[in-house]
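To start, the structure itself, in structure tokens.
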Amino acid sequence: MSDIVLKTENLTKYYGGVHALEGANFELRKGEHVAIMGDNGAGKSTFVRQITAVEQRTSGRVWFDGKEVNFAGPIAAREAGIETVFQNLALADDLDVPSNLFLGREKVLFNLGPFSILDRKFMRKATEAALIRTAVKIPNLSNTIRHMSGGQRQCVAIARTATFASKLIIMDEPTAALGVQETMQVENIIRTLKANGEPLILISHNMRQVFDLVDRIVVFRRGRIVANLRKQDTDGNDVVSYITGAKTGEAELAG
Amino acid sequence: MAQTTHGVGGLSYDANKRTWPAEFNVFLALIILVGAFELIGRVFLGDSFLFNTRANVHTIFNEARLQIIILQVSIVGIIAIGVTQVIISGGIDLSSGSVVGATAMIAMSFAQVATVNGNPNPKAMFIAQGWTDLPVIVPVLVAIGCGLLAGLINGTLVAYTRIPPFIATLGMMVTARGVAKWWSKGQPISFPTESFAAIGKGLMPVIIFISLAILFQLILSYTRYGKHCYAIGSNEDAARMSGINVQNHKILVFVIAGILASLAAVVLSSKNLTAQAGMGVMYELDAIAMAVIGGVSLSGGRGSIIGTVIGALIFGVIISGFTFLRLDAYYQEMVKGVIIIGAVVLDQWRQRLRAMRA
């Protein structure tokens, strides 16, 4: 139990009469990378939104970092250590890289309330450290996000999650809008996170990517978890048949 | 000499390829404008715009003209500082001119003398209550209170209702002008105390303008408040998701804008030794124009106080230049409008160019 980072029990979300998510039981262990797959509308994003408290769940229980949690909102979830890379990146276009990494939690030199003086040197140093740790390549830290490519933006968004002592990183289709080379860059970052032992939930449609990167694949279909597969026990065809419904039933893992 | 430097992660970039600040372009525009007036003056009038041509005065520059250029934009410039941080945060403030009018009336009524030439001041509003010859701090604090209240109402409307800033501050524009007229039933308020009159004397407006400009440039560059202004202006959702209290920030932005407008009212009424209900009409548009000419993006997220100060100087040069060329004052207003539109078009064009290069 102690090495479980995140656990959900019967996590359920109804939007009026629509059962978007029903009875999801999910576990994530320390250092584990898990992919969530499934068709559009299968409940993947709904599941993530309940964990990160962007929405409030209808019923069910969530444990995070050994404690049962009930986050009031996304900020509370983030403060507890759940960092999310959103599909619509949440970056401020006109700010440079350090400002974006520290957005909303700026390091302050003197505390003068809202007019607190920023510790720009510290934030720049910490940014460089975070970029090195995640192996993110950004040509110039002083460039504003507006002048960066999609891949560079995605890298900044991911580096942000690694700047602070996060205990769980969730990425919602991080490479959906990226080119081949940029996708490789993001995948390299994910490998670095794996090597550092940081747990990750990856939502992706890319079968090759999933089999390259993660330890375990959880398949959602029609609001339910229909499969929980170790990478070495399965293959692409198997996963596809769970996604499309050709194969049904929850394949439980022992232990 | 192309100097190659290594960025984080080993990617190299050309250190010389850094785009220069937008303020530089604005400054260039200022120089070109002064040069144009100088050229036209020399060719058509045989007179210099910038340099001293009088034999009995021994200075290089025409100092009187330079003083007028900056003095006539100082008061609107103080407002423009507040407007700049509102626009950077993604808002707009149309109420500042009317707030100047209302604040000037109310503050001046607390700055009046008891006796004029040995006789009781007939125009003193609060002579019955004995509120005359008050220390200068009283009218100044009253003014700041007025600006704070106007800003608080603006900010609360913008932050907590879904009324767009344009409409919310338009309402305040009309209301504050009403207050200005109602305060003394349309009568001008005059005869301020000597200490109050000292605030706007001589080059004091310039000193106040420049000091406030430096202060707010530092605030925007080096404080959390400044960082959040740019963050909210460039992506409000991102700012909210990052945990910034966007609503409180917006209220503070408008409160500061209101206070700066009220300080402008103090300087203006002190300089004119009187307050009238019509004071500050159209100042809000001039202030917005100064900001926009100075490179502040109307879509938020971009701009600086330095830019706005240069924008204000461009404004001053245009007005002085037209006077120098003995052109009708009517042309000034027409040209102002053209320049505002030109500045916005130029800004968008520059952005597109940069996006293409990236």
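Keeping their order, the protein sequence lines are chains A and B.
Here the UniProt record's numbering is used: the first residue of the first sequence is 1, the next is one more, and so on.
Here the UniProt record's numbering is used: the first residue of the second sequence is 1, the next is one more, and so on.
Even for Gly, the Cβ is constructed at its ideal location relative to N, Cα and C.
{"Item": "Using the Cα positions of G223 of chain A and A42 of chain A, report the straight-line distance between them to the nearest angstrom.", "Value": "5 Å"}
{"Item": "How many whole angstroms separate the CB atoms of S95 of chain B and I79 of chain B, which I take to be in contact at a CB cut-off of 8 Å?", "Value": "About 10 Å separates the two Cβ atoms, so there is no contact after all."}
{"Item": "Identify whether L260 of chain B lies in helix, strand or coil by the three-state DSSP scheme.", "Value": "helix"}
{"Item": "Using 8 Å as the threshold, is the C-beta distance between A53 of chain A and A24 of chain A below it?", "Value": "no"}
{"Item": "Alpha carbon to alpha carbon, what distance is there between G90 of chain B and T5 of chain B?", "Value": "For T5 of chain B, the predicted structure reports a pLDDT of 42, less than 50, and the residue's modelled location is therefore unreliable. A value from the coordinates is still provided. About 35 Å."}
{"Item": "Using only the alpha-carbon positions, how far apart do A343 of chain B and I137 of chain B sit?", "Value": "40 Å"}
{"Item": "Grab the span of the beta strand (DSSP E) containing I225 of chain A for me, first residue to last.", "Value": "224-230"}
{"Item": "By a C-beta neighbour count over all protein chains shown, 10 Å radius and 16 as the cutoff for buried, is G255 of chain A buried or exposed?", "Value": "In this predicted model, G255 of chain A has a pLDDT of only 36, less than 50, meaning its place in the structure is not dependable; the value taken from the coordinates is given anyway. Exposed, because fewer than 16 other Cβ atoms sit within 10 Å of the Cβ of G255 of chain A."}
{"Item": "Quick one: give me the first and last residue of the beta strand (DSSP E) that residue 256 of chain A is part of.", "Value": "For chain A, the structure presents residues 1 to 255; residue 256 of chain A sits outside this window and is missing."}
{"Item": "Please confirm whether R302 of chain B has its beta-carbon closer than 8 Å to some beta-carbon of chain A.", "Value": "yes"}
{"Item": "State the CB to CB distance for the pair K231 of chain A and R216 of chain A, rounded to an integer number of angstroms; the pair is presumed to be in contact (CB under 8 Å).", "Value": "7 Å"}
{"Item": "Which residues in the same chain as V8 of chain B place their Cβ atom closer than 8 Å to its Cβ, once the five residues preceding and following it in sequence are excluded?", "Value": "Unreliable placement is indicated for V8 of chain B, whose pLDDT of 48 sits below 50; no coordinate value is reported for it."}
{"Item": "Taking 7 Å as the cut-off, is the C-beta of G16 of chain A nearer than that to any heavy atom in the ligand FAD?", "Value": "The ligand FAD is absent from the structure shown, which contains no ligands of any kind."}
{"Item": "Could you check the C-alpha separation between D85 of chain B and C229 of chain B for me, to the nearest Å?", "Value": "The residue you asked about is not Asp; residue 85 of chain B is Gln in the sequence shown. Cα to Cα, Q85 of chain B sits roughly 7 Å from C229 of chain B."}
{"Item": "What residue range is occupied by the uninterrupted alpha helix (DSSP H) comprising residue 360 of chain B?", "Value": "Outside the shown range of chain B, which is 1 to 358, sits residue 360 of chain B, and nothing can be said about it."}
{"Item": "Does any CB atom of chain B fall closer than 8 Å to the CB of A92 of chain A?", "Value": "yes"}
{"Item": "Can you tell me the Cα-Cα spacing of W349 of chain B and Q154 of chain A, whole angstroms?", "Value": "27 Å"}
{"Item": "Exposed or buried, which one is F110 of chain A when buried takes at least 16 other CB atoms within 10 Å?", "Value": "exposed"}
{"Item": "Distance check for R49 of chain A and D172 of chain A, CA to CA, integer angstroms please.", "Value": "10 Å"}
{"Item": "Anything in chain A within Cβ reach of K227 of chain B, meaning under 7 Å, just list it in chain order.", "Value": "S99, E106, L118"}
{"Item": "Using the Cα positions of A130 of chain A and P199 of chain A, report the straight-line distance between them to the nearest angstrom.", "Value": "17 Å"}
{"Item": "Output the distance between the C-alpha atoms of I319 of chain B and Q332 of chain B, rounded to the nearest integer angstrom.", "Value": "7 Å"}
{"Item": "Using the C-alpha atoms, what's the distance from L6 of chain A back to L168 of chain A?", "Value": "8 Å"}
{"Item": "For the stretch 112-131 of chain A against the stretch 188-205 of chain B, do three or more pairs of beta-carbon atoms, one drawn from each stretch, fall closer than 8 Å, so that the two count as touching?", "Value": "no"}
{"Item": "Quick check: the stretch 156-166 of chain B against the stretch 103-121 of chain B, are at least 3 beta-carbon pairs closer than 8 Å?", "Value": "no"}
{"Item": "Determine, using beta carbons only, whether residue 287 of chain A and K44 of chain A come nearer to each other than 8 Å.", "Value": "Absent from the structure is residue 287 of chain A, since the part of chain A shown begins at 1 and ends at 255."}
{"Item": "Is A90 of chain A helix, strand or coil when you go by DSSP?", "Value": "coil"}
{"Item": "Which chain B residues sit within Cβ distance under 7 Å of L168 of chain A?", "Value": "By Cβ distance, chain B contributes nothing, its closest Cβ being about 17 Å from L168 of chain A, past 7 Å."}
{"Item": "Looking only at its own chain, which residues have a Cβ that is under 8 Å from the Cβ of E68 of chain A, when we skip the five neighbours before and after it?", "Value": "R61, V62"}
{"Item": "Does the CB of L252 of chain B have a neighbour CB from chain A at under 8 Å?", "Value": "yes"}
{"Item": "Please confirm if S234 of chain B has its CB atom under 8 Å from at least one CB of chain A.", "Value": "yes"}
{"Item": "Cβ of L51 of chain A less than 8 Å from any chain B Cβ?", "Value": "Per the sequence shown, residue 51 of chain A should be read as Ile rather than Leu. No, no contact with chain B."}
{"Item": "Restricting to runs no shorter than 3 residues, where is the beta strand (DSSP E) found entirely within the stretch 76-134 of chain A?", "Value": "82-85, 108-110"}
{"Item": "Between S98 of chain B and the rest of its own chain, which residues show a CB-CB distance below 6 Å, the 5 nearest in sequence each way excluded?", "Value": "M173, A176, R177"}
{"Item": "Determine the extent of the beta strand (DSSP E) in which E22 of chain A is found, giving its start and end residues.", "Value": "18-29"}
{"Item": "If you follow the alpha helix (DSSP H) that residue 359 of chain B is in, where does it begin and where does it stop?", "Value": "The structure shown does not extend to residue 359 of chain B, since chain B spans only 1 to 358, so no value can be given for it."}
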